[in-house]
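Chains as they are written, first to last, in our numbering: chain A, 1 to 139; chain B, 1001 to 1139; chain C, 2001 to 2139; chain D, 3001 to 3139. Note that beta-carbon positions come from the ideal geometry of N, C-alpha and C, so glycine has one too. Here's the structure we're looking at; comments come further down.
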């Protein structure tokens, strides 16, 4: 099963449905059932001390799985997150972009499950792990 | 075991360590091992269509558990989230404040676990459920 | 919305589809969107030292949510667990029955979400917390 | 960081602390921060229809992370599971051994986090995904 959308097509679609996505995220790579997404860290993502906030990491994981699902099924704004689990394992490097590596483990008729590892760019040990379930509306 | 901080004391402390908290959250009630927190919904919390975003709900759940922990152990900025699981069950009402009801289920020497139900104000069925684990630094 | 099955009806149904259930579980109470289930602790549920094993607590949480769903929708063997999150907070009391208090937080057309607190009988602080999502097959 | 225990050493240790492990599990491979574990499926792991039960898959994931932690830190019976999240994505193949691939994502002073993918032997798509947190007692 190959991706149905290229990175530019996906970003164009996301900008029409979630305009804020463009400022925060960049697709580094799309492949069969996987995407790599960069979070362009700015002041609004930081906690005092310069570390990236939990809600920003949640947003990155959520967006990465959404992008991976859309890349495979084509532009459908209505997929929604139904479940998330995250482990926050290390403090992100200060003022450094985050990179999310997402694999879809399941792409069913009604549910998709994606797994995400989040890294501070240039650091080998992951800062967080996430799993997200998306509910896909009937077509 | 009774709360060690009142709502105003807790808000004062949070404003010094997380200045953005004041704009987003209000403590409705503090009790033994539980807090009720209001998220004052503004444009920045919304998705197109007026519904509250996932990262905003994560931020509310995370903050509610943090507040419940601090209320019990006193002002300690260094407690960090290590794990989170959330179920997103219903679409929040458009442009309506969210209310988080948080209970601490465990307050150990090194780990605290809190359970959160999130409601759109005035609506009986919860929009989301969250569990958060905080790691508490040695005193 | 009221329960469609009584405790004896539900146990009878479960025995035909999961014969082992009868040895392990007893329904203490069924109500609108909630059940209380007893796990009759026996040798096979224990770890060395007499404490209840993790898989046994998982089985109890899973079964409690399944029972709560069936009580509401009627006998349907095909609902399946799609997601689970658990926090193990305290060591269960040795050789003591466990009691699971389960509330359904959502009972949708395709997904049901239940929340469970597990106690050692007679002990106030919960030993574990669980959330389970069930996928309900189209009728 | 290299593993401190070989597969036979680890199995010998586990048999003294959890005698039932020997009947259910076999270590296929131990490496730096990762293990592969086989669950030898028997009647007691099955649901009617021949598919492996949820509690059995939980037991496999839990045991795989425990083994991965012990392999790295040496024989310490007292590490305990504090959190688990699982996604059940596909029905396991009937009466087929399960293989768990576990990676430790974090091995800290007090907490370890492991990620597990579970497969029916010989089938490419995973049946389940799990993350487990272990609390490691002070040495």
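Take residue i and list the residues in its own chain whose beta-carbon comes closer than 6 Å to its own, dropping the five residues that flank it on each side.
i, result
"residue 1131 of chain B", "1085 and 1115"
"residue 26 of chain A", "38"
"residue 3077 of chain D", "3017"
"residue 1091 of chain B", "1051"
"residue 36 of chain A", "28, 29 and 101"
"residue 3014 of chain D", "3021"
"residue 2074 of chain C", "2004"
"residue 2043 of chain C", "none"
Just the Cα atoms here: how many angstroms apart are residue i and residue j?
i, j, result
"residue 2097 of chain C", "residue 40 of chain A", "52 Å"
"residue 2052 of chain C", "residue 18 of chain A", "48 Å"
"residue 1082 of chain B", "residue 89 of chain A", "6 Å"
"residue 3010 of chain D", "residue 3023 of chain D", "15 Å"
"residue 123 of chain A", "residue 2122 of chain C", "49 Å"
"residue 3005 of chain D", "residue 3012 of chain D", "10 Å"
"residue 2102 of chain C", "residue 2065 of chain C", "6 Å"
"residue 2118 of chain C", "residue 3062 of chain D", "19 Å"
"residue 1034 of chain B", "residue 3060 of chain D", "35 Å"
"residue 2138 of chain C", "residue 2110 of chain C", "7 Å"
"residue 3099 of chain D", "residue 3048 of chain D", "21 Å"
Taking C-beta pairs closer than 8 Å, name the residues in chain D that residue i reaches, listed in chain order.
i, result
"residue 23 of chain A", "Those within 8 Å of residue 23 of chain A in chain D number zero; the least Cβ separation is about 29 Å."
"residue 2032 of chain C", "Ordered by position in chain D, no residue passes the 8 Å Cβ test against residue 2032 of chain C, which lies about 26 Å from the chain."
Kindly list, in the order they appear in chain C, the residues whose Cβ is closer than 7 Å to that of residue i.
i, result
"residue 81 of chain A", "Neighbours of residue 81 of chain A on chain C: none; closest Cβ ~12 Å, over 7 Å."
Note down, in chain order, each residue of its chain lying with its Cβ closer than 8 Å to the Cβ of residue i, except the 5 sequence neighbours on either side.
i, result
"residue 1095 of chain B", "1041, 1046 and 1050"
"residue 69 of chain A", "79, 104, 107, 112, 114, 134 and 136"
Hey, would you say the C-beta of residue i is under 8 Å away from at least one heavy atom of the ligand NAP?
i, result
"residue 1048 of chain B", "This structure simply doesn't include the ligand NAP, nor any ligand for that matter."
Please go through the same chain and pick out, in chain order, the residues whose beta-carbon is closer than 7 Å to the beta-carbon of residue i, but skip the five residues on each side of it.
i, result
"residue 2007 of chain C", "2027 and 2030"
"residue 1055 of chain B", "none"
"residue 1128 of chain B", "1057, 1086, 1087, 1088, 1089 and 1118"
"residue 959 of chain B", "It is not possible to answer for residue 959 of chain B, since the shown part of chain B is limited to 1001 through 1139."
"residue 3125 of chain D", "3090"
"residue 3093 of chain D", "3120 and 3123"
"residue 71 of chain A", "3, 4, 5, 10, 30 and 35"
Which residues in chain C sit within 8 Å of residue i, going by Cβ to Cβ distance?
i, result
"residue 3062 of chain D", "2054 and 2055"
Cβ closer than 9 Å: which chain C residues qualify as neighbours of residue i?
i, result
"residue 117 of chain A", "Those within 9 Å of residue 117 of chain A in chain C number zero; the least Cβ separation is about 19 Å."
Would you mind telling me which residues of chain D sit closer than 9 Å to residue i, beta carbon to beta carbon, in chain order?
i, result
"residue 113 of chain A", "3087, 3089 and 3129"
For residue i, return the contacting residues in chain A, with the cut-off set at a CB-CB distance below 7 Å.
i, result
"residue 3126 of chain D", "105"
Unbroken beta strand (DSSP E) runs of length 3 or more, entirely within the stretch 2046-2083 of chain C: which are they?
You should have found no qualifying run.
Please list the residues of the stretch 2079-2109 of chain C that have a C-beta atom closer than 9 Å to any C-beta atom in chain D, keeping them in chain order.
Contacts with chain D (Cβ-Cβ distance below 9 Å) from the stretch 2079-2109 of chain C involve 2080, 2081, 2082, 2083, 2084, 2085, 2086, 2087, 2088, 2089 and 2091, listed in chain order.
Members of the stretch 2002-2020 of chain C near chain G, C-beta cut-off 8 Å
You won't find chain G in this structure, because its protein chains are A, B, C and D.
Which residues, in order along the stretch 1048-1059 of chain B, keep a beta-carbon less than 8 Å from a beta-carbon of chain C?
none
What are the start and end residues of each continuous beta strand (DSSP E) run of 3 or more residues lying completely inside the stretch 3090-3126 of chain D, in chain order?
3098-3107 and 3111-3120, all fully within the stretch 3090-3126 of chain D.
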